[in-house]
Amino acid sequence: MTFIFILGTHVAGIIAANATGISQTGFIPAAPFLGVAPQATLGAYITAAAIFRAFDDKADIMYITFSQGNDGVQGLQTGDDPAISSGAMAIASIDNALTTNPYLITPDGVRILYSPGAAFGGWQSIVNSIIVVNDPQATVSDGCNGPAKSIAGAVVLYKFSAGDSCGSTGRCNKAASAGATGCLLYNVGPITGFSFFISFSFELEPVFQDRRLSQVEVSL
């Protein structure tokens, strides 16, 4: 016996399923539901000849699946051209180990990945800023008691540690009150972000990323 597994089965269900009023044991759904067009008539054909037959049958919509295995191990932009036909749509599925990320460029050309504060969002274009290191010798709770030097008109850089007595909100609030235009935290893990003030976190561990997104130039 040969078993043929096809992607179109569940898609057909999404389109025209009618799982209401079913009482036969083994076929009762977890919850009764209807597809988006439960009164539609479906036609199932085979590839090239199917397209012509569906056209001759005057089908209103043709659903055609051309799969590359759904693995996507080569990442973005590795497929051919499945949707160059007028009126066609291509829906991709990828399994990508590498993702694009924004980065900072220091004056000596070093690229540093950054994550924008989750509640605020990142820089939208190239920005030139003066960064003031609050305390180069900081160990823990850097900036929790406010900035240690003048930071008015600049972006302040704080060290973020797991044992700190405050989070990003407290120290960035104090930075904003002191006239800072931004708040940077460097660390070896994620930081949640700050909703009222531009804030970012640095990743100091080696990370391989596709660096094709927006860049930010900074002056130290």
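Everything in the sequence shown is counted per my numbering, starting at 823 for the first residue and increasing by one. Quick reminder that beta carbons are idealized off the backbone N, C-alpha and C, glycines included. Fair warning: this is a prediction, and the values are worked out from it, not measured in the lab.
In terms of residues, what are the limits of the alpha helix (DSSP H) holding Lys981?
Here the question's residue 981 lines up with position 159 in the sequence shown. DSSP places Lys981 in no alpha helix (DSSP H) but in the uninterrupted beta strand (DSSP E) bounded by Val977 to Lys981.
State the beta-bridge partners of Ile934 as determined by DSSP.
The residue labelled residue 934 in the question sits at position 112 within the sequence shown. The partner list for Ile934 (beta bridge, DSSP) reads Leu926.
Which residue comes first and which comes last in the beta strand (DSSP E) that contains Ile953?
Here residue 953 corresponds to residue number 131 of the sequence shown, with the count starting at 1. Its beta strand (DSSP E) spans residues Ile953 to Val955.
Ser963 to Asn1009, Cα distance in whole Å?
In the sequence shown, the residue the question calls residue 963 occupies position 141. In the sequence shown, the residue the question calls residue 1009 occupies position 187. Approximately 12 Å between the Cα atoms of the pair.
What span of residues does the beta strand (DSSP E) with Cys1005 cover, start to end?
As a position in the sequence shown, residue 1005 is number 183, starting the count at 1. Note, Cys1005: beta strand (DSSP E), Gly1004 to Asn1009.
I need the straight-line Cα distance from Ile934 to Pro924, nearest angstrom please.
Indexing the sequence shown from 1 puts residue 934 at position 112. Indexing the sequence shown from 1 puts residue 924 at position 102. Rounded to whole angstroms, Ile934 to Pro924 spans 9 Å at the Cα level.
Which partner residues does Asn840 have in the DSSP bridge list?
Counted from its first residue, the sequence shown places residue 840 at position 18. Leu856.
Within its chain, find whatever has a CB closer than 7 Å to the CB of Val858; leave out the 5 residues flanking it on each side and keep chain order.
Numbered from 1 along the sequence shown, position 36 holds the residue referred to as residue 858. So the qualifying residues of the chain are Ile836 and Ile837.
Cβ neighbours of Leu864 in the same chain (closer than 6 Å, five flanking residues each side left out)
In the sequence shown, the residue the question calls residue 864 occupies position 42. Excluding positions up to five away in sequence, the list reads Ala834 and Ala838.
Answer with buried or exposed for Gly975, where buried requires no fewer than 16 other C-beta atoms within 10 angstroms of its C-beta.
Against the sequence shown, residue 975 aligns to sequence position 153. Gly975 should be labelled exposed.
To the nearest angstrom, how far is it from the Cα of His832 to the Cα of Thr922?
Taking the first residue of the sequence shown as 1, we reach residue 832 at position 10. Taking the first residue of the sequence shown as 1, we reach residue 922 at position 100. About 32 Å.
Considering Ser999, what are the terminal residues of the alpha helix (DSSP H) in which it resides?
Looking up residue 999 in the sequence shown gives position 177. For Ser999, the enclosing alpha helix (DSSP H) has its first and last residue at Ser990 to Ser999.
Please determine, among Lys996, Thr928 and Ala876, the residue with the shortest C-alpha to C-alpha distance to Val978.
Your numbering for residue 978 matches position 156 in the sequence shown. Taking only the C-alpha atoms, the option nearest Val978 is Lys996.
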